[in-house]
Amino acid sequence: MLLVHLTLDPPSCGEPLPDDVAALIRGCAGREDGLEHVVVHASATPWPVIGVFLGHADLVLAETTAERLWWRAVARRPRLAAWRLRRAEVPLLRPEVLWPDGGQV
Amino acid sequence: MLDALGLDPVTDAVYRAMLAHPDDGVSELCGRTSLAEGAVHAALDRLSEMALIRPASGDTRRLHAVRPHLAMQILLARKQAEVAAQQQQLEESRAAAVRLISEFAGEDPGASRGDVEHLRGLDNIRDHLAVMNRTVESQLMTFAPGGPQTPDNMRNSRPLTQELLGRGVAIRTIYLDSIRNDPATVAHADWLASVGVQVRAVPSLPNRMIIADCRVAIVATDRDDTADGAVVIRTPGILATLCSLFETTWQAAEPFTSGARPPAEEALTRQQHEVLRLLAQGATDETVAKRLGVSPRTARRISTTLMARLGARSRFQAGVHAVQRGLFGN
Chain A
606 MLLVHLTLDP
616 PSCGEPLPDD
626 VAALIRGCAG
636 REDGLEHVVV
646 HASATPWPVI
656 GVFLGHADLV
666 LAETTAERLW
676 WRAVARRPRL
686 AAWRLRRAEV
696 PLLRPEVLWP
706 DGGQV
Chain B
23 MLDALGLDPV
33 TDAVYRAMLA
43 HPDDGVSELC
53 GRTSLAEGAV
63 HAALDRLSEM
73 ALIRPASGDT
83 RRLHAVRPHL
93 AMQILLARKQ
103 AEVAAQQQQL
113 EESRAAAVRL
123 ISEFAGEDPG
133 ASRGDVEHLR
143 GLDNIRDHLA
153 VMNRTVESQL
163 MTFAPGGPQT
173 PDNMRNSRPL
183 TQELLGRGVA
193 IRTIYLDSIR
203 NDPATVAHAD
213 WLASVGVQVR
223 AVPSLPNRMI
233 IADCRVAIVA
243 TDRDDTADGA
253 VVIRTPGILA
263 TLCSLFETTW
273 QAAEPFTSGA
283 RPPAEEALTR
293 QQHEVLRLLA
303 QGATDETVAK
313 RLGVSPRTAR
323 RISTTLMARL
333 GARSRFQAGV
343 HAVQRGLFGN
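If you're matching them up, the sequences are chains A and B in order. Add 605 to a position in the first sequence, counting from 1, and you land on the number used in the numbering used here. Add 22 to a position in the second sequence, counting from 1, and you land on the number used in the numbering used here.
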């Protein structure tokens, strides 16, 4: 399972992401997408982020699937097009948090 | 809360299960961790959040969004995990093989009795060489006495040579001077040199011998009939002696190509020589600077000059290229 972060550029009016965006993305996924979990970090700075967990072992496939899910959500809810997708990338978890003895990166 | 970054036991358990079983989905993680689905989802929320933030340097109270990290880093981490899993599989296979061998040890007169093993006949020797070629990791050193090989043999050996070099194995072979008279062998030696094998020649060699990684050696039992049998040696003390013998012979040997010696422009200053030696050991510019007593900037300049000269894309590669081109040999 891989985590992909969808990083979004909010519209200039400052409108927050809709509350149901996670449910919307879940609703766009088919079995073949391998979607496992969606979490929205609406107040992340500098840009809001949606975390998408996908049951893929392949990084490129996971990233393209997450991006495709976002575009499907935009197609279903055209208002979402106001949030520009900056990137869809697997982030690196903080090693110094996960392995306290491992030192800083 | 974004500033509460302690890793709670539930998140820790989910994360470790994810690392150990990358193919698992939420339901499998529930089974492995004995957690309810809601708890696993909450842990995933938290992991996503932790990937999002990190303390600003010098100020642990402020948090910055993590910059997009190179996918390569993640791919590399995953590849390392795969290699570790394969390594474990290999260890298990090896243990099984050892058990099997010990069960049949009494029935095989040629079986190993420790650090030294006798091989009888060419087929047995070739079987062992095949294993050695598959398992060698860093260097292969060969004494190759005897006359020229047949053109077919030389041609057939090329894919294996390329495979070994592709794995990063440094190959050094010492032939007899006498086979300089054979044009096919000289052409083959030129090919070997062109792909990165180091080939030298001496007037005489003590015996046929191949040493892999200074950990195992195969030496012919009869120097006058090298197909008769061989001894596999893993005794550290004997190997140290054989490696030392190889190095001494190598130092005294002459490059074996139609162009003979390497061009004079390859000569290095003593300082460059030392920098390359350090880079080949994985030293950083800072370490090089300390060892040479120069500023890090100077060390960086020397390193980049050497990299450009050797056509290397990294410092370590520069060191490896220098080894492959025999720049440490004289």
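C-beta atoms are modelled at their ideal positions from N, C-alpha and C, and glycine is treated no differently.
Legend: CB atoms of the segment 44-59 of chain B lying less than 7 Å from CB atoms of chain A belong to residues 44, 45, 46, 47 and 48.
The beta carbon of residue 39(B) lies closer than 8 Å to those of 46, 51, 54 and 55 in the same chain, with the five residues before and after it left out. If you check each beta-carbon in the segment 633-648 of chain A against every beta-carbon of chain B, the ones closer than 8 Å belong to 639, 641, 642, 644 and 646. Against residue 67(B), the close residues of chain A are 644, in the order they occur along the chain (beta-carbon pairs closer than 7 Å).
When Cβ-Cβ separations below 8 Å define contact, residue 63(B) makes contact with chain A. Within 10 angstroms of the beta-carbon of residue 43(B) lie fewer than 16 other beta-carbons, which makes it exposed.
Non-local beta-carbon contacts of residue 634(A) in its own chain, meaning distances under 7 Å to residues more than five positions away in sequence, involve 640 and 674 in chain order. For residue 308(B), the closest Cβ of chain A is not nearer than 8 Å. Judged by DSSP in its simplified three-state form, residue 159(B) adopts coil rather than helix or strand. Residue state for residue 606(A) is assigned as coil, using DSSP reduced to three classes. Contact annotation: residue 165(B) and residue 261(B) have beta-carbon atoms that are not nearer than 8 Å. DSSP, reduced to helix, strand and coil, places residue 620(A) outside both helices and strands of the structure shown, so it counts as coil.
Ranked by Cα distance from residue 209(B), the first of 161(B), 247(B), 278(B) and 236(B) is 278(B). Nearest in C-alpha terms to residue 218(B), of all of 240(B), 264(B), 168(B) and 162(B), is 162(B). Cβ neighbours of residue 195(B) within its own chain (closer than 6 Å, five residues either side excluded): 164, 166 and 221. For residue 169(B), the three-state secondary structure derived from DSSP is coil. The beta carbon of residue 619(A) sits no closer than 8 Å to any beta carbon of chain B.
Against chain B, the CB of residue 662(A) has a partner CB under 8 Å away; the residue lies at that interface.
Shortest Cα-Cα distance from residue 295(B) to any of 146(B), 157(B), 327(B) and 192(B) involves 327(B).
By the neighbour-count definition (other C-beta atoms within 10 Å, threshold 16), residue 336(B) is an exposed residue. Cα atoms of residue 689(A) and residue 654(A): separation of roughly 11 Å, rounded to the nearest angstrom. Counted as a single uninterrupted DSSP element, the stretch harbouring residue 689(A) is not any alpha helix (DSSP H) but the beta strand (DSSP E) occupying residues 689-694.
Within the segment 180-207 of chain B, no residue has its Cβ closer than 8 Å to any Cβ of chain A. Between the alpha carbons of residue 30(B) and residue 49(B) lies a gap of roughly 20 Å. Contact between the segment 142-158 of chain B and the segment 236-252 of chain B is present, with at least three C-beta pairs closer than 8 Å. Under DSSP, the beta-bridge partners assigned to residue 196(B) are 165(B) and 222(B).
For residue 251(B), the enclosing beta strand (DSSP E) covers residues 251-255. Rounded to whole angstroms, the separation of the alpha carbons of residue 117(B) and residue 198(B) is 40 Å. Burial state of residue 60(B) is exposed, judged by a 10 Å Cβ sphere holding fewer than 16 other Cβ atoms. No Cβ of chain B is located within less than 8 Å of the beta carbon of residue 653(A). Under the 8 Å criterion on CB atoms, residue 106(B) is classed as non-interfacial with respect to chain A. Contact between the segment 181-192 of chain B and the segment 261-272 of chain B is not established, with fewer than three Cβ pairs separated by less than 8 Å.
Residue 658(A) is positioned such that its CB atom lies no closer than 8 Å to that of residue 57(B). Annotation for residue 255(B): 138 and 239 place their beta carbon closer than 6 Å to its own, counting only its chain and skipping 5 residues before and after.
Residue contact with chain B for residue 690(A): absent (no Cβ-Cβ distance below 8 Å to any residue of chain B).
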